[in-house]
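Colleague:
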Amino acid sequence: MIVCDTHCDVLWTRVFHPETAPVVTPENLNEGGVSLQVCTLFAGSGGPEKVPYETGMKQYHEFCRMVENEHWLQAFSPLEAEDGKSKAMLSMEGGEILEGNPDRVQEFYDYGVRMIALTWNRENEIGCPAKAGPEGHIKETGWEILKEMARLRIAADTSHLNEAGFWDLIDKHAHPPMASHSCARSLCDHFRNLTDEQIKGMIRRGGWIGINFYPSFLSVTGKADAQKIAEHIDYICQMGGAEHVGLGSDFDGIETVPLDVRTPAEVPHIFAELRRRGYRETDIEKIAGVNFLNYYRRLGWE
Ligand SMILES: [Zn+2]
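Under the numbering used here, the first residue of the sequence shown carries the number 4, and numbering increases by one thereafter.
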């Protein structure tokens, strides 16, 4: 079975919190059968005023060291997940790393970045975050950057983006957008989660949603387990999204983890829970990874 996880902060943890042992390791990925782990270059929490480009590059250089010296394999296409070996693919979280320069999209494409979260929790040259409220459209520079992303078939990630920006992408972006690590707001009312309307918009447009494992996004109690993750997946499936949902753990970027899904090695617990709910094997395979690869096929990857 192909298993894809579309967001983790192992690079940030390794560079900026070396005292913390990351849970995203080749051993855990292999044990959990994760075929493709997306590892993000995080802009840092300082926003455009800090040094997002340098911050991103430090993580890229760490990734290069991991590929060179450890048992990490880099995927330059999401479809490399199909060859059965655990691989890591780069993404970007916080478009301020591009410093408002559309030419930088090609630079990061050359490094292997195949997904860009337009904002993190701070306003940048591209748009505004959900944390600041629903208002504020995609900016002119943002559209120039999005045009480059579409040309290079880089996925536009709306996790952290505000509602106005989200709908701009649904209505006007050349490609269907995605949300790499977000949950359903109807099940857990948090600004980082997607409203029913947003989920429907994503399904209608041919997008994709990766369920975040952060207990605070899964449940208002702040406690969660594989059952809770399956509940969010099931909710989206019930809305007609059985081909548009999957996994976006946020491992190494979250302060707490679900009780029985603490590392990538325990990801199969989610599939066991879906089986318990009566999901067929073919449907579980779609959720585990096929949906994500099909999403990239819609962007033109083959
Ligand atoms: Zn995030």
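Even glycine gets a Cβ: it sits at the ideal position worked out from N, Cα and C.
1) In terms of alpha-carbon separation, which member of 263, 259 and 281 lies closest to residue 237?
2) The beta strand (DSSP E) with residue 39 in it runs from where to where?
3) Quick one: residues in its chain with C-beta nearer than 7 Å to the C-beta of residue 233, no 5 flanking neighbours on either side, listed in chain order?
4) For the structure I just gave you, are there three or more beta carbon pairs, one from the stretch 138–153 and one from the stretch 219–228, closer than 8 Å?
5) Do you know offhand how far residue 268's Cα is from residue 143's?
6) Does any heavy atom of ligand 1 sit closer than 7 Å to the C-beta of residue 272?
7) Do residue 295 and residue 211 count as a contact pair if the criterion is CB distance below 8 Å?
8) Quick one: residues in its chain with C-beta nearer than 8 Å to the C-beta of residue 112, no 5 flanking neighbours on either side, listed in chain order?
9) Using a Cβ-Cβ cut-off of 6 Å (strictly less than) and excluding sequence neighbours within five positions of residue 162, which residues of its own chain qualify?
10) Along the chain, which unbroken stretches of the alpha helix (DSSP H) at least 4 residues long are found entirely within the stretch 184–218?
11) Quick one: what's got a C-beta closer than 8 Å to residue 57's C-beta in the same chain, skipping five residues either side?
12) Roughly how many angstroms lie between the CA atoms of residue 141 and residue 128, to the nearest whole one?
13) Looking at the structure shown, is residue 119 part of a helix, part of a strand, or coil, going by DSSP?
14) For residue 228, which residues from the same chain have a beta carbon less than 6 Å from its beta carbon, with the 5 sequence-adjacent residues on both sides left out?
15) Find out if the Cβ-Cβ distance for the pair residue 133, residue 194 is shorter than 8 Å.
16) Have a look at the DSSP bridge pairing and note the partners of residue 8.
17) Which residue comes first and which comes last in the alpha helix (DSSP H) that contains residue 227?
18) Enumerate, from N- to C-terminal direction, the unbroken alpha helix (DSSP H) stretches of 4 or more residues contained entirely within the stretch 136–173.
19) Would DSSP call residue 90 helix, strand or coil?
20) Can residue 54 and residue 11 be called in contact, C-beta distance under 8 Å?
21) Just mark residue 196 as buried or exposed, buried being the case when its beta carbon has 16 or more other beta carbons within 10 Å.
22) How would you label residue 88, buried or exposed, when you count the other beta carbons within 10 angstroms and need 16 or more for buried?
23) Would you kindly report the start and end of the unbroken alpha helix (DSSP H) that includes residue 113?
24) May I have the straight-line CA-CA distance separating residue 213 from residue 248, to the nearest angstrom?
25) Less than 7 Å separating the Cβ of residue 253 from some heavy atom of ligand 1?
26) Out of 297, 70, 27 and 288, state which residue places its alpha-carbon closest to the alpha-carbon of residue 256.
27) Is residue 48 a contact residue of ligand 1, with contact defined as CB to any heavy atom under 7 Å?
28) Once the 5 residues before and after residue 187 are set aside, which same chain residues still bring their CB inside 7 Å of it?
29) Which runs of the alpha helix (DSSP H), 4 residues or longer, sit entirely within the stretch 50–94?
30) Can you tell me whether residue 271 is helix, strand or coil according to DSSP?
31) Does DSSP put residue 29 in a helix, a strand or coil?
32) Going along the chain, which residues of its own chain have a beta-carbon closer than 8 Å to the beta-carbon of residue 298, five neighbours each way excluded?
Modeller: Well, looking at it:
1) 281
2) 39–45
3) 273, 276, 277 and 280
4) no
5) Each residue's CA atom was taken as its position, placing residue 268 and residue 143 some 42 Å apart.
6) no
7) Contact: yes.
8) 155 and 157
9) Closer than 6 Å at the Cβ level, and outside the excluded window around residue 162, lie 120, 182, 183, 184 and 185.
10) Unbroken alpha helix (DSSP H) stretches of 4 residues or longer found wholly inside the stretch 184–218: 199–208, given in chain order.
11) none
12) Answer to the nearest angstrom: the Cα atoms are 9 Å apart.
13) In this structure, residue 119 counts as strand in the three-state DSSP scheme.
14) 261, 262 and 263
15) yes
16) 40 and 250
17) Counting along the chain, residue 227 falls outside any alpha helix (DSSP H), and DSSP gives it neither H nor E.
18) If we require 4 residues or more, the alpha helix (DSSP H) runs fully inside the stretch 136–173 come out as 143–154.
19) strand
20) For residue 54 and residue 11, no; Cβs fall outside 8 Å.
21) buried
22) exposed
23) 106–114
24) 6 Å
25) yes
26) 27
27) no
28) 196, 197, 202, 235, 238 and 239
29) 55–72
30) helix
31) helix
32) 158, 179, 181, 209, 210, 211 and 247
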